[in-house]
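There are 2 protein chains.
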Amino acid sequence: MRKGIDTELFLQVKKQQWIGEGEQILLALSGGADSMYLLYFLKELQNHLSFSLRAMHVQHGIRGDEAVEDATFSRQQAELYQVPFLEYTCSVPDYAEENKLGIEEAARTLRYKALKEEALRWQEESGRKTKIALAHHMDDQAETILFHLIRGAGFSGISGMKAEGIFSEVQDKLNKDATDIAMNKTKEGNQEDCIPLLRPLLFLRKEEILKRLEELEIPYREDSTNRDKSYARNYLRLEILPALEKINAGAVKHLLEAAELFSETEAYFQEKTAEWIERYGEWEQSSRGKCISLSIPQLKKENALFRREIYKEAIFLLRGNTTEFGKLHYHGIDRLLKRGNGGRLSLPKGVKAEVEQKRLLLEKF
Amino acid sequence: MRKGIDTELFLQVKKQQWIGEGEQILLALSGGADSMYLLYFLKELQNHLSFSLRAMHVQHGIRGDEAVEDATFSRQQAELYQVPFLEYTCSVPDYAEENKLGIEEAARTLRYKALKEEALRWQEESGRKTKIALAHHMDDQAETILFHLIRGAGFSGISGMKAEGIFSEVQDKLNKDATDIAMNKTKEGNQEDCIPLLRPLLFLRKEEILKRLEELEIPYREDSTNRDKSYARNYLRLEILPALEKINAGAVKHLLEAAELFSETEAYFQEKTAEWIERYGEWEQSSRGKCISLSIPQLKKENALFRREIYKEAIFLLRGNTTEFGKLHYHGIDRLLKRGNGGRLSLPKGVKAEVEQKRLLLEKF
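Taken in order, these protein sequences are the chains called R and X.
If you count by the numbering used here, then the first sequence holds residues 1 to 365, one letter each, in order.
If you count by the numbering used here, then the second sequence holds residues 366 to 730, one letter each, in order.
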């Protein structure tokens, strides 16, 4: 166990410049251990750094009385800390049914949505930069990585949550869970619409946070749904990860290191493919929509993996995200190169791929 | 469940050209379900392709009478199939103690060692190309990937076993488990010493193999150590993987897809860094040993991840493997760039890194 997580966290916040002078921080406060620690820490941080802090509690309407008590507790604690408090109530079950989502995913989507709307409102009101602070920690991160790994995902999925993410309007909220949305870098997004997400606790173990709360005698609520093993992510966190740590004591740490490698790899490919497209791609805007054309002879000089990464980046540039696109689509596009002139392929979300002479056209209608 | 795994396997062997006319195949025959199916299949294959087949059973000296019965069973079955049979007996517990290895790792190392020596002997005797056939299947592969992921590994570790590998003398047998050894591509290895490994069953689920054996009424032995959950890999296979498949029915498939992506990524970096070294690196051979020098101004133009991959490749070129090298060492080398002229670092296995003017020297004494 490391000593002095407050100090460690303080140094990280400073070093990474997560919070700037005069900025506004909207803390997602569930009343659970992690967000209670983050509330305590941010309040302490205000002694050293001048920024505004508000706490928001999202009531999911899942657990009846217990949920009402969580909200009351969060409000009381925020008042105790003299932090302005907001409560947002929604009905996750209804939303899940309407959008054919699992309860966990629906809850996450709605929570992020509410936080983001509130952050945007606050930002517009004051004209000051506003960020959302989330209390995810290292154990949550390991769970996320494993979850995406077994669900099937490219590098972006398995690279985990970012300590600094962007939550953008450009992303398609309903088709990808908010974790992914936060991870995707936006290139075309209107800067105004981008609310940065901060996850300052990502380098801390749950155990360390609990120990510190005990030392500080800070109370917190235990969310009974967090212990319900019928939820996939809870099962991963409560059963699988401890079992993996029994096999290898460093399992969580190693999963995180792997995720960091994936994240760096993703960034590497994004940088290199963007350079490639800048060099060998051409943009066309027609009445039908946007189109990006790529040189086939140049594509053929590249490694197959790199070619698929080029297609992914091109679609990202066309659409602002790659939601609903996967390995199979990129392989499909790649097969067009062999088919030659006239080959065409319909892809999700109105994207089409077509070969015209020595160019591969990717179009969005 | 797919139909006709015999046919599917036959088509794969043909398409991938795993076995060439006139080659010699040494099958690792434990007497378990997987290797019994492979014995049956290879014997059938001889009706379509002319190659020599021998079976070898490695007796680990772990399970007393049971082990003797396995050996007897394997011999009887090989005789039934009219396949020449060899038995090799060793003492895994002694070897494990001497080399400070776990029982599983010691067994694996000794098994590969015995198989390889026998394959080399057979190859020298006849002058014909000899390959080792192993009966690893898709469930073994998922277990391997997860094992390496939680143990901490770069792309090479988590890219899983290869259907076609090379088992080379150049590799340091004691420091890396044989799975890794098989995965590493050798560049400097004497071609004579390289025994290719084949894992033709890698795309089949355990369940499919068992079902087919039942149809064929082929008997097999159950190795009680395979059910012993105190062994890390058994625990992963018997407990963790089924649990992950309960969360996501495609978990094993998705793990394998991820591993394929890692494998392709590893190959990509290997290709690109080798090209880079060809261009910006210089070889020097002194009385002290071998040395490769890299241009620092060119290194500084590269992405940090790519730079670390360059160091890895350079060390591979120097030593023939990267055993005992890890992320921390590559980061250490990278920090020398900032320190400038005169900076130096001692690395494992007699490798040194040093900055001389605008070159980074990697030396092996």
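Glycine included, each C-beta is placed from N, C-alpha and C at the ideal position.
So with CB distances below 9 Å, who are the chain R contacts of residue i?
i	result
X:I642	In chain order: nothing, as chain R lies at least about 17 Å away.
X:Y405	Chain R residues near X:Y405: none, gap ~32 Å exceeds 9 Å.
Closer than 7 Å by beta-carbon distance: list the chain X residues that pair up with residue i, in chain order.
i	result
R:T265	T630 and L670
R:H137	Simply none; closest approach about 19 Å.
To the nearest angstrom, how far is the alpha carbon of residue i from that of residue j?
i	j	result
R:G366	R:L86	An answer regarding residue 366 of chain R cannot be provided, because it is not within the stretch 1 to 365 covered by chain R.
X:W383	X:H513	26 Å
X:N599	R:K312	38 Å
X:L606	X:I515	13 Å
X:R428	X:R564	26 Å
X:F730	X:E719	13 Å
R:N371	R:L317	It is not possible to answer for residue 371 of chain R, since the shown part of chain R is limited to 1 through 365.
X:K723	X:G685	26 Å
R:G350	R:G332	15 Å
X:V448	X:G517	41 Å
R:L80	R:A55	12 Å
R:D334	R:I315	13 Å
R:E356	R:S286	16 Å
X:G519	R:C194	34 Å
X:Y633	X:K496	26 Å
What does residue i reach in chain R if we use C-beta pairs closer than 8 Å?
i	result
X:E604	A243
X:E636	N303
X:I523	A258
Taking C-beta pairs closer than 9 Å, name the residues in chain X that residue i reaches, listed in chain order.
i	result
R:N397	Nothing about residue 397 of chain R can be read from this structure; chain R reaches only from 1 to 365.
R:H331	None at all; the shortest Cβ gap to chain X is about 12 Å.
Just the chain R side, please: which residues come within less than 7 Å of residue i by C-beta, in chain order?
i	result
X:Y633	N303, L305 and F306
X:E463	Correct list: empty, because the minimum Cβ distance to chain R is about 24 Å.
X:A616	I150
Cβ atoms of residue j and residue i: under 8 Å apart, would you say?
i	j	result
X:S521	X:E647	no
R:F73	R:R221	yes
X:L435	X:G396	Just to set this straight, residue 435 of chain X is Asp in the shown sequence, not Leu. Closer than 8 Å, so yes.
R:Q16	R:A251	no
R:A106	R:A96	yes
X:L394	X:H422	yes
R:L337	R:L360	yes
X:L727	X:I642	no
R:K100	R:E23	no
R:L213	R:M36	yes
R:P196	R:I218	no
R:E257	X:N668	no
X:L414	X:E373	no
R:K206	R:H137	yes
R:L110	R:C90	yes
X:I574	X:A398	yes
X:Y645	X:L626	no
R:D94	R:R237	no
R:L305	R:Y40	no
Which stretch, first to last residue, makes up the alpha helix (DSSP H) that contains residue i?
i	result
X:W641	A616 to Y645
R:M161	Premise fails: R:M161 is in no alpha helix (DSSP H) and is neither H nor E.
X:P458	V457 to E463
R:L299	I296 to K300
X:H513	M503 to R516
X:G404	Reading the sequence as shown, one finds Leu at residue 404 of chain X and not Gly. A398 to L410 is the extent of the alpha helix (DSSP H) around X:L404.
R:A71	D65 to L80
Can you list, in chain order, the residues of its chain whose CB lies under 7 Å from that of residue i, leaving out five sequence neighbours each side?
i	result
X:I510	I523, G525, L620 and A624
R:L42	I25, L27, L53 and A133
X:G369	none
R:D172	The predicted position of R:D172 is uncertain, since its pLDDT is 37 and thus under 50; a value taken from the coordinates is nonetheless stated next. So the qualifying residues of the chain are N321 and T323.
R:V13	I19, L45 and P200
Quick one: what's got a C-beta closer than 6 Å to residue i's C-beta in the same chain, skipping five residues either side?
i	result
R:T273	E309, I310 and E313
R:A67	Q59
X:H694	L712
R:L244	A251
Which residues bound the beta strand (DSSP E) around residue i?
i	result
R:T322	Looking at the DSSP string, R:T322 is not in any beta strand (DSSP E), and its letter there is neither H nor E.
X:T454	F450 to T454
R:Q24	Q24 to A28
R:H57	S52 to Q59
X:K717	V716 to E721
X:R602	Note, X:R602: premise wrong, no beta strand (DSSP E); not H, not E.
X:S711	R709 to S711
Is it the case that the CB of residue i approaches a heavy atom of the ligand ATP more closely than 7 Å?
i	result
X:N599	The ligand ATP is not part of the structure shown, which contains no ligands of any sort.
CB-CB under 8 Å to residue i, same chain, minus the five flanking residues each way: which ones, in chain order?
i	result
X:K665	L702
What residues of chain X sit near residue i, judged by a beta carbon separation below 8 Å?
i	result
R:E257	G517 and K692
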